[in-house]
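Working notes, beginning with the structure itself.
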Amino acid sequence: VLFHQNKGADATLVVHPNDHPYDSDLLDVDGQDRVTAFYPKPHPEGSRYRNLVNAAAYVFHPSVLTKLEAGVKADFGKDIFPWLYKELKVYAYNTPEYLKDMGTPDRLSKVEQAISSGKVAQRNLKNPQRCIFLDRDGVINIDTDLIHRAEDFELYPYAGESIRKINKMGFLAVVVTNQSVLARGMCSVTDLDEIHKKMETELGHQGAFVEAIYYCPHHPHGGFPEEVPELKFDCHCRKPKPGMLLDAAQRFNIDLSKSYLIGDSPRDIEAGQNAGVTTIRVKTGHGLKPSEVTPNHHVEDLAAAVALIESLEK
Ligand SMILES: [Zn+2]
């Protein structure tokens with residue numbers, strides 16, 4: 002409700018990522034969380050989308066109700082939001098907290114189990130969360146160097162299963178990636194969004210999701226022919242600085258001392274150290290380049306890193 006009020010919204014939907022976006026009602030938002038599109042299921046073969054699932058929990062300003070036709074049966078997701086967002090200010094509140102439909106006896110018993118096991122309370126953001134921060138290129142996907150087109154983005158074959166395990170272990174999965182391709186003028190924010198939609202769609206097909214993607218668009222040095230001057234400065238977010246991890250920690254109430262970072266480059270590891278998380282370097286991507294920086298662990302790849310965390314957590 003606070004989010005709804007702060008945005009000055011006419012209507013707010015609660016959204017979350019889930020492990021089956023391919024058969025869920027999805028939407029898209031702009032950088033200010035305002036809804037820009039609705040994609041009711043079914044989704045056309047080959048479409049790419051963000052994993053933003055309508056959780057069917059809404060906040061409305063009373064004036065919105067006067068817009069609805071009296072005496073006509075209508076479904077919010079299918080009949081009302083698809084036109085409402087074009088006329089009014091509709092925002093999406095994205096949260097990793099526990100939200101489940103319990104409209105059948107089977108689902109109800111699952112929810113009861115989740116309550117009694119403490120899973121629901123644990124995911125309440127009033128309580129500290131644990132997170133596995135993931136670098137993108139060279140960890141989740143093959144690093145073909147300065148990826149700037151969705152066609153060039155290819156997940157490692159084990160990425161979906163590894164991230165699914167992270168989801169099941171109860172950690173948040175948050176991507177933190179330096180994307181100087183923006184500052185270098187090699188691609189636009191729309192192009193980068195398209196790459197991330199491809200990533201989320203393909204992970205979704207494998208039952209995996211990430212709670213958030215943080216990227217740093219900046220680059221400290223000038224001298225690239227197509228560079229974007231506004232993005233050329235020494236920011237707080239470009240790894241090895243810990244800005245993206247700290248921003249996520251604030252948003253999700255993450256206990257960094259009980260969290261991990263998995264990365265391939267020395268600057269990932271440094272960012273993790275600067276944020277105070279346990280660092281795991283993988284040998285994929287730039288993971289075998291010599292470095293002065295010593296991670297807590299150095300393992301084969303993302304799958305091995307997740308297996309290591311599983312064993313450390315036992
Ligand atoms: Zn930055």
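Just so you know, we're using our numbering here: the sequence shown kicks off at 2 and counts up by one.
Glycine included, C-beta positions come from ideal geometry on N, C-alpha and C.
Just so we're clear, the structure is a prediction, and the values are computed from it rather than from any experiment.
Identity of the residues DSSP links to residue i by a beta bridge
{"i": "CYS236", "result": "DSSP output for CYS236 lists no bridge partner at all."}
{"i": "PHE39", "result": "LEU28"}
{"i": "HIS298", "result": "ILE281"}
{"i": "PHE134", "result": "VAL175 and LEU262"}
{"i": "PHE61", "result": "ALA12"}
{"i": "HIS17", "result": "VAL54"}
{"i": "CYS217", "result": "ASN179"}
{"i": "ILE255", "result": "GLN130"}
Beta carbon proximity, residue i to chain D, threshold 7 Å
{"i": "ASP26", "result": "No chain D appears in this structure, which consists of one protein chain only."}
Beta-carbon proximity check, residue i vs residue j, cutoff 7 Å
{"i": "VAL36", "j": "VAL2", "result": "no"}
{"i": "ILE214", "j": "HIS197", "result": "yes"}
{"i": "LEU53", "j": "LEU89", "result": "no"}
{"i": "LEU232", "j": "PHE134", "result": "no"}
{"i": "ASP153", "j": "ASP144", "result": "no"}
{"i": "ALA276", "j": "PRO241", "result": "no"}
{"i": "HIS219", "j": "ARG239", "result": "yes"}
{"i": "LEU173", "j": "PHE253", "result": "yes"}
Rounded distance between the beta-carbons of residue j and residue i, thought under 8 Å
{"i": "CYS132", "j": "VAL175", "result": "6 Å"}
{"i": "PHE210", "j": "ASN168", "result": "6 Å"}
{"i": "ALA115", "j": "VAL16", "result": "About 20 Å separates the two Cβ atoms, so there is no contact after all."}
{"i": "TYR50", "j": "PHE77", "result": "Rounded, the Cβ-Cβ distance is 20 Å, inconsistent with contact."}
{"i": "LEU193", "j": "VAL229", "result": "Rounded, the Cβ-Cβ distance is 13 Å, inconsistent with contact."}
Buried versus exposed call for residue i [16 or more other C-beta atoms within 10 Å across all chains shown]
{"i": "MET1", "result": "The chain is shown from 2 up to 315; residue 1 falls before or after that span and cannot be answered."}
{"i": "GLU212", "result": "buried"}
{"i": "VAL140", "result": "buried"}
{"i": "ALA75", "result": "exposed"}
{"i": "MET73", "result": "According to the sequence provided, residue 73 is Val. The question's Met does not apply to it. Exposed."}
{"i": "ASP269", "result": "buried"}
{"i": "ASN55", "result": "buried"}
{"i": "GLU314", "result": "exposed"}
In chain order, what residues have a CB nearer than 7 Å to some heavy atom of ligand 1? For ligand 1, the selected residues are CYS217, PRO218, HIS219, CYS236, HIS237, CYS238, ARG239 and GLY244.
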